[in-house]
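K.L.:
In order, the protein sequences belong to chains A and B. Quick note: the first sequence uses numbering that gives the first Met the number 0, first residue 0, plus one each step. Quick note: the second sequence uses numbering that gives the first Met the number 0, first residue 0, plus one each step. Even for Gly, the Cβ is constructed at its ideal location relative to N, Cα and C. Quantities reported herein were computed from a predicted structural model and do not represent experimental measurements. Quick one: the structure is below, questions incoming.
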Amino acid sequence: MNFDLSEEQQLVSDSIERFVLENYALESRVAIVKQTPGFSLGYWQTMSELGWLGLPFSEDDGGFGGDQLDTMVLMEQFGKGLVLEPFLASIVLGGGVLKRVANEAQRKAWLEVVIDGSKQLALAYAEPDSGFEPHNVAIAGSKTNDGYTLTGTKCMVLHGKTADAFVVSFRTSGGVVDQSGISLALIPADREGLTVQGFPTVDGLQSSELTFDRVSVTADDLLGEIDNGFGPLNEVINDGILAVAAEALGAMEILYKDTVAYTQAREQFDHPLSDFQVLQHRMVEMFMEYEQCKSLLFRATMEVAAGGDDAQRCVHALKHLVGKAAFFVGENAVQTHGGMGVTEELRVGHYFKRLLVIEAQFGNTDYHLDQFSA
Amino acid sequence: MDIKLSNEDLSFETEVREFLAGNAYKDGEDPNKWRMDWFEKAKEKGGWDVPKWPAKFGGPGWTPNQHYIWQKETARSSTPWDMPFGLSMLGPVLMAHGSEEQQERFLPDIRARKVNWCQGYSEPGAGSDLASLKTKAVLSEDGSHYVVNGTKIWTTMAHIADWIFCLTRTSDAGIKQEGITFLLFPMKQEGIEVKPIITLGGSHSVNTVFFTDIKVPVENRVGVEGKGWTYAKGLLEHERTGIAGISNSIVALEDLKQKASSVKRGNGSLMDVPSFKSKVAALEIDLMAVEYTELRSLATASAGTAPGPESSILKLKGTDIQQRIQKLTMEAGGQFSAAWGGTNAGPDFARGGMGGYMSSRVYTIYGGASEVQKDIVTKKVLGIKSTKK
């Protein structure tokens with residue numbers, strides 16, 4: 000067993016850390032959030048040029064042959080700056096499905112342009128009543144001569160407004176909550192009958208809702224086998240969980256370290272706040288939560304990358320622990336910063352807001368505890 | 000001990016319900032006119048427009064049980080918005096420590112909701128340690144006025160307030176609690192700059208306020224110079240009981256249950272999911288207990304003892320409950336709670352749910368952070384004195 004990053008991973012990590020330090024100070028981030036499309040096209044281009052967008056794709060697909068561990072290294076650094084660019088949406092989620100099940104023609108048409116950043120993908124799987132279950136799919140494809148037509152709504156589609164195409168789950172057989180009978184298709188954003196309504200989320204990112212009004216899905220659009228879409232979809236969601244858990248870890252590191260620094264600088268009752276034992280112990284606990292998350296992140300990511308039998312359980316455990324820690328670290332960072340902690344002026348609140356969104360994404364803390372114990 | 004309300008209390012409860020139902024806001028009504036009429040009618044009931052004021056100052060002079068009934072009933076009815084600063088905070092200070100002239104000058108306008116007040120307490124360097132405040136008030140040589148310079152922070156509604164009641168430092172001699180003076184002055188004047196602070200819920204209610212050479216006539220000083228801390232402390236205890244918000248939490252919990260019941264999970268609703276249900280139940284149990292902690296505290300008050308350190312327990316427990324309600328509401332909205340403006344599917348209540356949760360974090364910070372409340376209980380209730388050198 001070895002917990003060290005490879006030389007290459009270390010280089011990537013260092014270079015992303017530098018990028019975040021140079022470009023993602025709070026004021027810069029706030030400025031990017033305010034302009035359309037809610038992230039920096041320039042940074043997106045830079046990420047492509049530095050090869051980051053190709054990290055988790057095979058060399059045959061034009062990538063660098065990395066795995067979940069490489070994505071983890073990148074996302075942890077992104078989490079320290081709350082990076083806004085659609086890496087998760089386009090590379091981990093949309094690209095994650097394509098690299099697993101796309102046919103030759105689909106790979107040719109999409110992977111090169113996704114990796115060079117000129118096109119973006121997004122993943123549309125959640126529905127108004129699906130709760131946190133990715134296999135709860137109500138949108139049914141009605142059979143046509145050449146494929147299907149879809150009518151219904153997909154919700155909370157990350158970075159949907161800027162996506163050029165959507166990976167969409169829909170039902171081709173079985174009941175609403177069956178894992179079998181789910182199929183996947185790649186549908187261009189300009190397909191007739193498809194409407195994309197964008198809106199911001201509390202963390203400054205961009206989400207969207209997709210309305211399908213008799214949208215046609217042709218045989219060429221289908222991704223992978225009919226009825227067997229849940230397997231790859233679930234794998235991609237697991238990748239998404241690993242990615243946001245790594246991002247959350249980076250954000251929690253900032254939160255606990257900022258809190259330690261603030262209590263040493265802020266004086267009340269003629270003492271720095273860090274003199275008070277109740278705050279000292281609180282910060283020790285924040286640090287412990289952070290370290291525990293790091294351990295489980297390593298465990299789950301290695302287990303998934305190795306295709307281990309325990310992978311799914313580890314992912315549930317990780318999402319639960321990270322959610323719990325996110326509340327603990329976030330709430331205490333804000334509380335310890337006092338009034339300043341609840342303003343837009345300090346970064347702690349911004350980091351906490353991102354953690355809240357992560358907590359509710361891909362199933363929340365309680366959901367994954369239930370799944371773990373099921 | 001008797002858990003039942005007396006017949007007098009029961010008929011009072013009916014009277015309150017009838018009043019509230021008869022004066023509820025009706026669709027299409029001019030909200031401002033309704034608001035002013037409501038207070039007028041409440042006044043005609045015998046001081047119901049100033050429930051907490053003593054009879055001597057035109058209040059209803061209610062018993063603790065009557066206050067409890069009023070709180071409970073108003074929490075679940077449509078009542079006009081009101082600001083606590085003049086009514087519940089400055090009012091009692093003026094009644095206890097203001098001159099007769101000040102009482103006549105300020106109380107009627109507070110009661111008529113004509114003048115909006117804000118509270119100038121915290122400063123950038125004086126938060127939990129409020130007594131270390133530095134805003135200076137220097138008495139002029141002829142003794143006719145003070146000149147005030149300094150900065151206040153977290154001043155709620157300073158941007159719409161007409162007047163401020165403000166803690167200022169008039170002396171550095173002795174311990175820091177001494178040398179604090181309680182002054183009143185208008186907000187709309189040259190030399191006062193109000194800068195908004197945007198909080199994490201995205202809203203603007205608090206401000207930083209800068210004072211440059213503000214002249215305050217000595218007749219606007221409440222009580223004695225240097226005794227302002229004593230007056231302010233009493234007021235803080237008042238504030239801490241008020242912000243426990245227990246009656247509102249009881250209504251909010253019912254609301255939460257309804258919201259969660261409307262969220263589909265599997266074949267049932269979120270209220271059928273054991274992990275969620277048990278969190279709601281645990282919250283309800285805490286709330287049942289704190290409701291009676293408040294009643295016990297009210298009973299003490301009726302026996303003539305001033306609300307003392309037990310008000311600190313109410314603030315700690317009450318704000319914890321308020322935060323948990325916000326958190327569970329956010330959880331009930333699931334990932335839809337992340338939405339920030341714009342339209343989206345999912346339950347209506349979910350929109351902005353995370354913003355609401357973030358806003359609720361301030362409950363355990365304002366009006367004396369939870370850590371400070373616990374220090375007060377440690378010293379005043381448990382009687383523990385620090386022996387640290």
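1) Give the interface partners of ALA250 of chain A over in chain B, defined as CB-CB distance under 9 Å, in chain order.
2) Buried or exposed for ARG405 of chain A, going by 16 or more other Cβ atoms inside 10 Å?
3) Strictly under 8 Å for the Cβ-Cβ distance: is LEU368 of chain A near chain B by that measure?
4) Can you tell me whether GLU39 of chain B is buried or exposed? The criterion is at least 16 other CB atoms within 10 Å of its CB, across all chains shown.
5) Run through the DSSP bridge pairs and tell me what ASN206 of chain B is partnered with.
6) Spell out a yes or no on whether the region 164-183 of chain B and the region 117-128 of chain B are touching, meaning 3 or more CB-CB pairs, one atom from each, closer than 8 Å.
7) For a cutoff of 8 Å on Cβ pairs, would you count GLU330 of chain B as touching chain A?
8) What's the C-alpha gap between LEU89 of chain B and GLY322 of chain A?
9) My assumption, with CB atoms under 8 Å, is that ALA325 of chain A sits in contact with ALA247 of chain A. Please give the rounded CB distance.
10) Could you please tell me which residues of the region 361-386 of chain B, in chain order, have their CB closer than 7 Å to any CB of chain A?
11) Can you name the residues of chain A whose CB is closer than 9 Å to the CB of MET357 of chain B?
12) On the DSSP bridge list, what partners appear for ALA164 of chain A?
13) Tell me which residues share the same chain as ASN115 of chain B and place their Cβ nearer than 8 Å to its Cβ, disregarding the 5 neighbours each side in the sequence.
14) Could you spell out where the beta strand (DSSP E) holding PHE211 of chain A opens and where it closes?
15) Of the residues that make up the region 133-153 of chain A, which ones have a beta carbon closer than 7 Å to any beta carbon in chain B?
16) Who are the neighbours of LYS263 of chain B on chain A, taking C-beta pairs under 8 Å?
17) Do SER277 of chain B and MET270 of chain B have their C-beta atoms closer together than 8 Å?
18) So what's CYS292 of chain A in DSSP terms, helix, strand or just coil?
19) Helix, strand or coil for ASP171 of chain B, going by three-state DSSP, please let me know.
20) From TRP37 of chain B to ASN22 of chain B, what distance separates their C-alpha atoms?
21) Under a CB-based cut-off of 8 Å, is VAL277 of chain A close to chain B?
22) Mark ALA281 of chain A as exposed unless 16 or more other C-beta atoms lie within 10 angstroms of its C-beta, in which case mark it buried.
23) Since GLU175 of chain A and ALA337 of chain B are thought to touch, with beta carbons under 8 Å apart, how far apart are those beta carbons, to the nearest angstrom?
24) Could you run through the region 277-296 of chain A and flag, in chain order, every residue whose CB is less than 9 Å away from some CB of chain B?
25) List in chain order: all unbroken beta strand (DSSP E) runs of 3+ residues lying wholly within the region 245-331 of chain B.
26) Do the region 221-240 of chain A and the region 85-98 of chain A touch if we need at least three Cβ pairs shorter than 8 Å?
27) Whole alpha helix (DSSP H) runs in the region 67-133 of chain B with 4 or more residues, listed along the chain?
28) Is THR62 of chain B helix, strand or coil by DSSP?
29) Kindly identify the DSSP beta-bridge partner or partners of GLY53 of chain A.
30) Which chain A residues sit within Cβ distance under 7 Å of GLY340 of chain B?
31) Could you work out which residues of chain B lie near ALA125 of chain A, taking near to mean beta carbons separated by less than 8 Å?
32) Does chain B have any CB closer than 8 Å to the CB of GLY322 of chain A?
33) With H, G and I counted as helix, E and B as strand and the rest as coil, what does DSSP make of TRP162 of chain B?
34) List the endpoints of the continuous alpha helix (DSSP H) containing GLN311 of chain A.
35) Using a Cβ-Cβ cut-off of less than 9 Å, give me the residues of the region 267-298 of chain B that come near chain A, in sequence order.
36) Can you grab the Cα-Cα spacing for the pair GLY173 of chain A / ALA24 of chain A, in whole Å?
P.N.:
Reading it off the structure:
1) Against chain B, a Cβ distance below 9 Å from ALA250 of chain A picks out nothing, because the smallest value is about 15 Å.
2) For residue 405 of chain A there is no data in the structure shown, the boundaries of chain A being 0 and 373.
3) Yes, because at least one Cβ of chain B sits closer than 8 Å to the Cβ of LEU368 of chain A.
4) By the neighbour-count criterion, in which a residue is buried when 16 or more other Cβ atoms sit within 10 angstroms of its Cβ, GLU39 of chain B is exposed.
5) BP columns for ASN206 of chain B point to B:PRO195.
6) Between the region 164-183 of chain B and the region 117-128 of chain B, the count of C-beta pairs closer than 8 Å reaches three or more; the two stretches touch.
7) Interface residue, yes.
8) Rounded to the nearest angstrom, the two C-alpha atoms are 43 Å apart.
9) Correct: roughly 6 Å between the Cβ atoms.
10) Within the region 361-386 of chain B, the residues whose Cβ lies closer than 7 Å to some Cβ of chain A are VAL361, THR363, ILE364, ALA368 and GLU370, listed in chain order.
11) Those are VAL201, VAL333, VAL341, GLY348, PHE351, LYS352 and LEU355, listed as they occur along chain A.
12) According to DSSP, ALA164 of chain A bridges with A:LEU120 and A:PRO187.
13) Excluding residues within five positions, the ones whose Cβ falls inside 8 Å are MET82, PHE84, GLY85, MET156, ILE159, ALA160, ASP161 and TRP162.
14) Per DSSP, PHE211 of chain A belongs to the beta strand (DSSP E) from 205-217.
15) Those would be THR152, in chain order.
16) The answer, in chain order, is ASP128 and GLY130.
17) Contact: no.
18) Helix, per DSSP.
19) In the structure shown, ASP171 of chain B sits in coil (DSSP, three-state: anything other than H, G, I, E or B).
20) Each residue's alpha carbon lies about 7 Å from the other.
21) Contact with chain B is found for VAL277 of chain A, since one of that chain's Cβ atoms lies less than 8 Å from the residue's Cβ.
22) Strictly speaking, residue 281 of chain A in this sequence is Arg, with Ala absent from that position. Under this definition ARG281 of chain A is a buried residue.
23) A quick correction: the sequence has Val, not Glu, at residue 175 of chain A. About 24 Å separates the CB atoms of VAL175 of chain A and ALA337 of chain B; that is not less than 8 Å, and the two are not in contact.
24) Within the region 277-296 of chain A, the residues whose Cβ lies closer than 9 Å to some Cβ of chain B are VAL277 and LEU278, listed in chain order.
25) Here no run is fully enclosed.
26) Counting Cβ pairs under 8 Å, three or more are found: they touch.
27) The alpha helix (DSSP H) runs of length 4 or more contained entirely in the region 67-133 of chain B are, from start to end of the chain, 90-96 and 99-110.
28) Three-state DSSP puts THR62 of chain B in coil, outside helix and strand.
29) Looking at the DSSP assignment, GLY53 of chain A forms no beta bridge with any residue, so it has no partner.
30) Ordered by position in chain A, the residues that pass the 7 Å Cβ test against GLY340 of chain B are PHE198 and PRO199.
31) Against chain B, a Cβ distance below 8 Å from ALA125 of chain A picks out GLN334.
32) No, GLY322 of chain A lies away from the interface with chain B (no Cβ there is under 8 Å from its Cβ).
33) TRP162 of chain B: strand per DSSP, three-state reduction.
34) Run containing GLN311 of chain A: 310-336, per the alpha helix (DSSP H) assignment.
35) Within the region 267-298 of chain B, those residues whose Cβ lies closer than 9 Å to any Cβ of chain A are, in chain order, LEU269, VAL272, PRO273, SER274, PHE275 and LYS278.
36) The straight-line gap from Cα to Cα measures roughly 49 Å.
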